[in-house]
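Data first, discussion second: the structure below is written as structure tokens.
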Amino acid sequence: SQRTLQMADGSLVPSTGVWTGQVSWGPLQLEALFEVFPSRGFWRMLIGKPLLEQSQAMQDYDNNSIMFASQGSQH
Numbered sequence: 034s035q036r037t038l039q040m041a042d043g044s045l046v047p048s049t050g051v052w053t054g055q056v057s058w059g060p061l062q063l064e065a066l067f068e069v070f071p072s073r074g075f076w077r078m079l080i081g082k083p084l085l086e087q088s089q090a091m092q093d094y095d096n097n098s099i100m101f102a103s104q105g106s107q108h
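Quick note on numbering: the working numbering labels position 42 of the sequence shown as 75, and the sequence is numbered without any gaps.
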């Protein structure tokens, strides 16, 4: 991938590749695309707005959880 990703702190990190495939996430099965980048061990996976919108999920920052609106289940 030729993308450069902007982190929350404003720093720019080059993507090192792209992964696409099926993701099982709670009650959902999704076709997803992930940009791969060196996180220096801070995250296993960073979920961005496109995947949250695709899965119709809502993030609760206070509880550090994600809720799928259609299922009413929390993960």
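Here a beta-carbon is modelled for each residue, glycine too, at the ideal position from N, C-alpha and C. This one's a predicted model, so the numbers in the text were calculated from it and none came from an experiment.
In terms of residues, what are the limits of the alpha helix (DSSP H) holding residue i?
i	result
residue 47	Note, residue 47: premise wrong, no alpha helix (DSSP H); beta strand (DSSP E) at 45–47.
Just grab the DSSP bridge partners of residue i for me.
i	result
residue 86	DSSP, once it has assigned bridges, lists no residue as partnering residue 86.
residue 13	No answer is possible for residue 13: it lies beyond the span of the chain, which begins at 34 and ends at 108.
residue 41	Residue 41 is not bridged to any residue.
residue 66	53
residue 79	DSSP lists no partner for residue 79.
To the nearest angstrom, how far is it from the Cα of residue i to the Cα of residue j?
i	j	result
residue 55	residue 61	10 Å
residue 45	residue 36	10 Å
Could you please give the first and the last residue of the uninterrupted beta strand (DSSP E) stretch that includes residue i?
i	result
residue 54	50–58
Please state if the CB of residue j and the CB of residue i are separated by a distance shorter than 9 Å.
i	j	result
residue 58	residue 98	no
For the segment 71–78 and the segment 91–102, state whether three or more C-beta atom pairs, one from each stretch, are separated by less than 8 Å.
no
Using 8 Å as the Cβ pair cut-off and three pairs as the minimum, do the segment 41–53 and the segment 62–70 touch?
The segment 62–70 and the segment 41–53 touch, with three or more beta-carbon pairs separated by less than 8 Å.
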